[in-house]
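Just so you know, the sequence shown maps onto residues 6 to 88 in this note's numbering. Glycine residues also receive a C-beta, built at the ideal position from the N, C-alpha and C atoms.
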Amino acid sequence: MDWFPFLLSAQVATLATGINLVVGIAIGWLLARRSFPGRDLLGAIVTIPLVLPPTVLGYCLLIALGRASPIGQALEALGVPLV
């Protein structure tokens with residue numbers, strides 16, 4: 006049995022967990038302890054994944070990064086392949 010897919014998944018999961026842990030604690034500390042311009046916007050951005058289902062977020066990403074969008078056209082002009 007080839008263990009490469011399992012080990013790669015474990016590495017990616019560990020790295021993603023570590024990054025999200027550090028970023029999440031930092032943002033949580035900022036939102037709980039500090040007052041700064043854009044605080045409400047940051048709170049709303051952090052809450053979006055909890056409120057919207059994954060299918061809606063996926064659709065929004067397709068609209069924003071699809072071939073017909075300005076970002077998608079710029080990426081294709083740079084040679085980045087899009088689905």
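Does the separation of the CB atoms of residue i and residue j fall below 9 Å?
i: V56; j: L36; result: no
i: L80; j: L67; result: no
Could you check the C-alpha separation between residue i and residue j for me, to the nearest Å?
i: R72; j: L62; result: 17 Å
i: R38; j: L47; result: 14 Å
i: I24; j: A82; result: 32 Å
i: P58; j: G29; result: 20 Å
i: L13; j: V27; result: 21 Å
i: D7; j: Q78; result: 39 Å
Grouping DSSP H, G and I as helix and E and B as strand, with all else coil, what is residue i?
i: V88; result: coil
i: P42; result: coil
i: L12; result: helix
(message) To test your reading of the DSSP string, which unbroken alpha helix (DSSP H) runs of 4 or more residues are found completely within the stretch 14-79?
(response) 44-56, 59-70
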